[in-house]
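Asks:
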Amino acid sequence: MQLKRGFEQSVCILALLATQEQDIPLSSTVIHARLKGSQTYLRKLMRKLVVGGLVTSASGNNGGFRLAHDPAEINLAQIVEVVEGPLVSYPSTDLFNAVFSDFKPLAKEGNSAIQRAFATADALWIKQLAKVTIYQLLCETFNTKIIPRIDWNHLGGGDPDQIEALIKKIKNSLKL
């Protein structure tokens, strides 16, 4: 099974929102500029995140997006569910029954056995993903227990001096 690109983009969006200054919503313009993808697709993805309850949105001049929950409460399984929908890695087309149509009772049991095997595997996969939160990913990324907060809206377009100052700010906040 391979997740779509939207899953990775969603994790990045949630990581951006988790590191955004809490009192300041992150603008869709900044999210779009950082993802460098289709604006139309980004709108669809943000809608899924809002409808799925992982992100909140506010319109207006000072509007934008925020996490709907603490980063420690948002796990990878939730993101998969919101972006990809319910996991079904084996969508049976009932081919087993067609191939063994002259052995109906056995064919039906064979089809059920395959479906049970994949349903068990799907449940284990989701259970494992539910153990990993956005908070944990960021803690591992920054090698700290404190997620650094910045205002991505005012970071600018990659000015080396501004980035250097930001790196210093992050390092200093992690020493607390």
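The sequence shown begins at 663 in my numbering and counts up by one. The beta carbon of each residue, even a glycine, is placed where N, CA and C say it ideally should be.
In three-state terms, what does DSSP make of Ala785?
Replies: The answer is helix: DSSP assigns Ala785 an H, G or I state.
Asks: Based on DSSP bridge pairs, tell me the residues matched to Ser719.
Replies: DSSP, once it has assigned bridges, lists Phe727 as partnering Ser719.
Asks: For Leu688, write down the residues that DSSP places opposite it in a beta bridge.
Replies: BP columns for Leu688 point to Phe727.
Asks: Can you grab the Cα-Cα spacing for the pair Asp764 / Ala779, in whole Å?
Replies: Distance between the alpha carbons of Asp764 and Ala779: 24 Å.
Asks: Rounding to the nearest angstrom, what Cα-Cα distance links His731 and Ala739 in this structure?
Replies: If you take the alpha carbons of His731 and Ala739, they lie about 15 Å apart.
Asks: So, with DSSP's three-state summary, where would you put Asn737?
Replies: In this structure, Asn737 counts as strand in the three-state DSSP scheme.
Asks: If I follow the unbroken alpha helix (DSSP H) through Ser763, where does it start and stop?
Replies: Segment: none, Ser763 is in no alpha helix (DSSP H) and carries neither H nor E.
Asks: I'd like to check one pair, Val712 with Ser721: are the Cβ atoms closer than 9 Å?
Replies: The answer is no: Cβ separation not under 9 Å.
Asks: With the cut-off set at 9 Å, would you say Leu665 and Val717 are in Cβ contact?
Replies: Against a cut-off of 9 Å, the Cβ pair of Val717 and Leu665 comes out as no contact.
Asks: In or out: Gly747 buried (at least 16 other Cβ within 10 Å) or exposed?
Replies: Exposed, since its Cβ has fewer than 16 Cβ neighbours within 10 Å.
Asks: Going along the chain, which residues of its own chain have a beta-carbon closer than 8 Å to the beta-carbon of Leu676, five neighbours each way excluded?
Replies: Excluding residues within five positions, the ones whose Cβ falls inside 8 Å are Leu711, Leu716, Val717, Leu729, Pro733, Ile736, Ile741 and Ile796.
Asks: Go to Glu670, then tell me how far its alpha helix (DSSP H) extends in each direction, as first and last residue.
Replies: That run of the alpha helix (DSSP H) goes Arg667 to Thr681.
Asks: Would you give the residue range spanned by the alpha helix (DSSP H) that Thr803 belongs to?
Replies: Here the alpha helix (DSSP H) through Thr803 covers Ile796 to Phe804.
Asks: Tell whether a beta-carbon distance below 9 Å holds between Lys697 and Leu688.
Replies: Here the sequence assigns Leu to residue 697, which means Lys is not the residue at that position. No, the pair does not count as a contact, with Cβ atoms beyond the cut-off.
Asks: Here's the rule I'm using: 16 or more other beta-carbon atoms within 10 Å means buried, otherwise exposed. How should Ser672 be labelled?
Replies: Buried is the call here.
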